Every structure is written in C-alpha cells, then in structure tokens.
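K.L.:
Chains as they are written, first to last, in my numbering: chain A, 3 to 87; chain B, 116 to 305. Cβ coordinates follow ideal geometry from the N, Cα and C atoms, glycine included. In this text the structure is predicted, and so the values were computed from the model without any measurement.
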Amino acid sequence: MDERLAMLKGIQELEFVAIDLNLFLDTHPQDQAAHRDFHAVRNQLLEAISRYEEIYGPLTVTGCTPPHHQWLWIQGPWPWEIEYE
Amino acid sequence: MWMYEKKLEYPVRVSRNDIGMAKFLMAQYGGPDSELSAGVRYLTQRYTMPTDKAKGLLTDIGTEELAHWEIIATMIYKLVKGVPAQQLREAGLGAHFAQHDRAVYPADAAGVPWTAAYIQATGDPIADLHEDLAAEQKARTAYEHLIQLTDDPGIKDTLRFLREREVVHFQRFGEALNDIQALMTSKTLY
Chain A
3 MDERLAMLKG
13 IQELEFVAID
23 LNLFLDTHPQ
33 DQAAHRDFHA
43 VRNQLLEAIS
53 RYEEIYGPLT
63 VTGCTPPHHQ
73 WLWIQGPWPW
83 EIEYE
Chain B
116 MWMYEKKLEY
126 PVRVSRNDIG
136 MAKFLMAQYG
146 GPDSELSAGV
156 RYLTQRYTMP
166 TDKAKGLLTD
176 IGTEELAHWE
186 IIATMIYKLV
196 KGVPAQQLRE
206 AGLGAHFAQH
216 DRAVYPADAA
226 GVPWTAAYIQ
236 ATGDPIADLH
246 EDLAAEQKAR
256 TAYEHLIQLT
266 DDPGIKDTLR
276 FLREREVVHF
286 QRFGEALNDI
296 QALMTSKTLY
C-alpha cells in the first residue's frame with residue numbers, strides 16, 4: 003500500500019474512534035473513561051492529520067498551510083476517486 | 116454550519132463493474148430508508164428537541180448519515196464507471212442513463228426520485244425519536260439484503276460497516292428517548 007493511502011487509512015481509523023465516542027458521550031456525558039478515551043484519540047488524530055496535510059495537502063480548508071503558491075485544496079484525487087487496496 | 120472533510124468515513128473498495136449492484140444500492144442512496152432520508156430527517160428534527168442531549172445527538176448522527184450518503188454514492192460511482200450505455204441498458208439502468216447518464220442522482224432502486232415525503236418531523240420528540248428508531252432498523256435490514264446481493268468482498272465489507280452503524284445509532288436514539296421520557300414524567304403533575 004502506498005504511503006499516502008496508509009496515512010489516510012490511519013486517519014480514518016482514528017477519526018472513526020472519535021466519531022463513535024462522540025455519539026456515546028452525547029448520551030453518557032458523565033462517563034469519565036469515555037472522556038479520557040476521547041481526548042487520547044483526539045490528540046492522536048490531530049497529530050496524524052497535521053502530518054498528512056504537511057505532505058499531501060489539506061483535508062479541510064483550514065488545513066491549507068502557509069504560502070504555497072498553488073491552491074492545494076482543489077487538487078485530486080477527491081474522496082470518491084481514490085483507489086483503496 | 117458544516118465544513119467538508121476531504122476523506123470518506125470508511126474506504127470503498129470495488130473489485131469490478133457491477134451495474135446491477137449499483138442499481139440495488141440506489142435503495143440506500145435515494146430510497147425511503149436511505150442515508151439521505153436519515154440525514155435530512157435528523158437534521159430537520161433536531162431544532163425542536165427539548166434536551167441538549169437530543170439536540171447534540173441528532174446533529175451528530177445526522178452529520179454521520181451525510182458521510183454514509185457519500186460512501187454509497189462512491190460505491191455507485193465506481194460500480195458504473197466507464198461502463199458503455201448498451202451494458203447499462205442490458206442491466207436495467209437504461210432509463211437512468213437516458214435521464215442522468217452516469218450521474219449519481221438521488222432515486223431509489225426502482226428509479227423513483229427521492230422525496231421529503233419519506234420523512235416526518237412532528238415537533239413531538241417522542242414521536243420523532245420513535246420514527247428514528249424505526250428508520251435505523253429499516254436501514255439495518257436493507258443492508259442485510261444488499262450484502263446478500265453481492266459477492267464482491269470490498270462491497271460486502273463496506274456494507275457491513277454501514278449496517279453496524281445503524282445498530283449503534285439505534286442504541287443511542289433509544290438512550291435519548293429514555294432520557295426524554297424520564298424528563299417528561301418528572302414534569303407531569305397528577
């Protein structure tokens with residue numbers, strides 16, 4: 003698997019954990035273990051996203067980092083065009 | 116507001132073109148129990164929810180449904196990519212091609228366009244959350260049917276992920292409903 007796809011899959015895995023904990027916390031807002039897990043995965047996710055964005059360009063428009071001379075946001079492949087392995 | 120994240124929630128792997136399967140998947144793209152119905156339903160109902168828990172939950176699940184809608188669209192897009200018109204016709208997508216080419220238009224597996232009549236928002240949180248629980252079960256069973264209709268391991272894998280999410284959403288909606296019922300009971304004076 004190429005490096006870009008491997009990093010993207012890593013982000014998908016971490017973000018999935020965050021999404022699932024997000025829903026759990028919506029109905030269990032006092033659950034301390036879930037709070038700890040959410041914050042741990044959040045930190046790993048943010049690190050993984052910024053590593054990916056430095057190399058391959060933004061995942062969200064606010065991930066557009068300093069003075070590139072090109073607008074990397076519109077650079078493909080778009081999510082529906084990626085060939086997963 | 117929403118901001119787009121340039122990634123799918125879960126990967127979509129398609130081994131080969133399968134026009135028939137693309138047609139069946141339209142059920143979850145633009146049908147009554149589709150991801151589109153789910154997203155619009157929850158994001159519409161949230162405004163009149165009585166608790167912050169329910170407002171948050173409907174916002175977050177509604178948002179996840181839009182990500183699932185994108186996953187289904189991606190499967191359909193890949194399954195018919197590059198397929199000649201004649202083959203689309205032979206596999207039952209001739210009418211779709213006439214009106215939409217290979218565009219991923221929100222209609223159901225029989226070509227019926229999506230309509231807001233598929234969803235309800237009553238302003239009554241008990242009624243709305245019961246509809247949401249039913250919607251999750253209908254989508255769960257639709258995924259079980261779709262899994263039986265393909266032998267593509269990539270498609271099966273993604274459909275299993277989506278099926279599992281319906282089960283989780285059902286659980287969370289049940290918790291939100293119990294919470295609101297307890298609140299209403301505590302406020303009722305006899």
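Chain B beta carbons: is any one of them nearer than 7 Å to that of residue 67/A?
P.N.:
Position 65 of the first sequence, counting from 1, holds the residue named residue 67/A. Chain B contact via Cβ: absent.
K.L.:
For the segment 168 to 188 of chain B and the segment 290 to 305 of chain B, state whether three or more C-beta atom pairs, one from each stretch, are separated by less than 8 Å.
P.N.:
Touching, per the Cβ criterion.
K.L.:
Strictly under 7 Å for the Cβ-Cβ distance: is residue 228/B near chain A by that measure?
P.N.:
In the second sequence, residue 228/B corresponds to position 113, counting from 1. No, residue 228/B lies away from the interface with chain A (no Cβ there is under 7 Å from its Cβ).
K.L.:
Report the CB separation of residue 234/B from residue 195/B in whole angstroms; it is logged as a contact under 8 Å.
P.N.:
Translated into the one-based positions of the second sequence, residue 234/B becomes position 119. Translated into the one-based positions of the second sequence, residue 195/B becomes position 80. About 27 Å; that fails the 8 Å criterion.
K.L.:
Determine the burial state of residue 29/A: buried for a count of at least 16 other Cβ atoms within 10 Å of its Cβ, exposed for fewer.
P.N.:
As a position in the first sequence, residue 29/A is number 27, starting the count at 1. By the 10 Å Cβ count, residue 29/A comes out buried.
K.L.:
If the cut is a Cβ gap below 7 Å, which residues of chain B does residue 24/A touch?
P.N.:
Start at 1 with the first residue of the first sequence, and residue 24/A comes out as number 22. 175, listed in chain order.
K.L.:
Just curious, the alpha helix (DSSP H) that residue 145/B is in, first and last residue?
P.N.:
In the second sequence, residue 145/B corresponds to position 30, counting from 1. Counting along the chain, the alpha helix (DSSP H) containing residue 145/B begins and ends at 134 to 145.
K.L.:
Does the beta carbon of residue 254/B come closer than 7 Å to any beta carbon on chain A?
P.N.:
Counting from 1 along the second sequence, the entry for residue 254/B is found at position 139. Taking Cβ atoms only, chain A never reaches closer than 7 Å to residue 254/B, which makes this a no.
K.L.:
Would you call residue 133/A buried or exposed, if buried means 16 or more other Cβ atoms sit within 10 Å of its Cβ?
P.N.:
For residue 133/A there is no data in the structure shown, the boundaries of chain A being 3 and 87.
K.L.:
Between which two residues does the alpha helix (DSSP H) holding residue 15/A run?
P.N.:
Working through the first sequence from its first residue, we reach residue 15/A at position 13. 5 to 29 is the extent of the alpha helix (DSSP H) around residue 15/A.
K.L.:
On the criterion of 16 or more Cβ atoms from any shown chain inside 10 Å, does residue 193/B qualify as buried, or is it exposed?
P.N.:
Along the second sequence, read from residue 1 onward, the residue named residue 193/B stands at position 78. Its Cβ being crowded by 16 or more others within 10 Å, residue 193/B is buried.
K.L.:
So the alpha helix (DSSP H) residue 209/B belongs to, where does it begin and stop?
P.N.:
By one-based count along the second sequence, residue 209/B stands at place 94. Element bounds for residue 209/B: 209 to 215.
K.L.:
Roughly how many angstroms separate the alpha carbons of residue 278/B and residue 71/A, rounded to a whole number?
P.N.:
Residue mapping note: residue 278/B aligns to position 163 of the second sequence, counting from 1. Residue mapping note: residue 71/A aligns to position 69 of the first sequence, counting from 1. The straight-line gap from Cα to Cα measures roughly 43 Å.
K.L.:
Whole angstroms are fine: how far does the CA of residue 184/B sit from the CA of residue 160/B?
P.N.:
As a first step, residue 160/B is located in the second sequence; it is residue number 45 there, counting from the start. As a first step, residue 184/B is located in the second sequence; it is residue number 69 there, counting from the start. Spanning the two alpha carbons is a distance of roughly 18 Å.
K.L.:
Cutting at 8 Å between CB atoms, please list the residues of its own chain near residue 238/B, excluding the five before and the five after it.
P.N.:
Looking up residue 238/B in the second sequence gives position 123. Contacts found: 163.
K.L.:
Check whether the Cβ of residue 86/A lies closer than 7 Å to any Cβ atom in chain B.
P.N.:
Within the first sequence, the letter at position 84 stands for residue 86/A. Chain B contact via Cβ: present.
K.L.:
With burial defined as no fewer than 16 other Cβ atoms inside 10 Å of the residue's Cβ, what is the status of residue 121/B: buried or exposed?
P.N.:
For this step, residue 121/B is matched to residue 6 along the second sequence. Its Cβ being crowded by 16 or more others within 10 Å, residue 121/B is buried.
K.L.:
Say whether the segment 245 to 259 of chain B touches the segment 198 to 218 of chain B, bearing in mind that this needs 3 or more beta-carbon pairs closer than 8 Å, one atom from each stretch.
P.N.:
Not touching, per the Cβ criterion.
K.L.:
Tell me whether residue 240/B is buried or exposed, calling it buried when 16 or more other Cβ atoms sit within 10 Å of its Cβ.
P.N.:
Locating residue 240/B in the second sequence gives position 125, where the first residue counts as 1. Buried is the call here.
K.L.:
Is it buried or exposed, residue 302/B, if we count other Cβ atoms within 10 angstroms and call 16 or more buried?
P.N.:
Taking the first residue of the second sequence as position 1, residue 302/B is located at position 187. Classification for residue 302/B: exposed.
K.L.:
What are the boundary residues of the alpha helix (DSSP H) that residue 193/B is part of?
P.N.:
Here residue 193/B refers to the residue found at position 78 of the second sequence. Residue 193/B -> alpha helix (DSSP H) spans 167 to 194.
K.L.:
Which whole-angstrom value is the C-beta distance of residue 262/B and residue 275/B, which I expect to be below 8 Å?
P.N.:
Along the second sequence, one-based indexing puts residue 262/B at 147. Along the second sequence, one-based indexing puts residue 275/B at 160. Between residue 275/B and residue 262/B the Cβ distance is about 7 Å, and since that is below 8 Å, they are a contact.
K.L.:
Check whether the Cβ of residue 81/A lies closer than 7 Å to any Cβ atom in chain B.
P.N.:
Working through the first sequence from its first residue, we reach residue 81/A at position 79. Cβ-Cβ to chain B under 7 Å: yes for residue 81/A.
K.L.:
Considering only heavy atoms of the ligand ZN, does any lie closer than 6 Å to the CB of residue 260/B?
P.N.:
The ligand ZN is absent from the structure shown, which contains no ligand whatsoever.
K.L.:
Determine contact between the segment 124 to 132 of chain B and the segment 148 to 159 of chain B, defined as no fewer than three beta-carbon pairs at a distance below 8 Å.
P.N.:
In short, these stretches do not touch, since the Cβ pair count stays below three.
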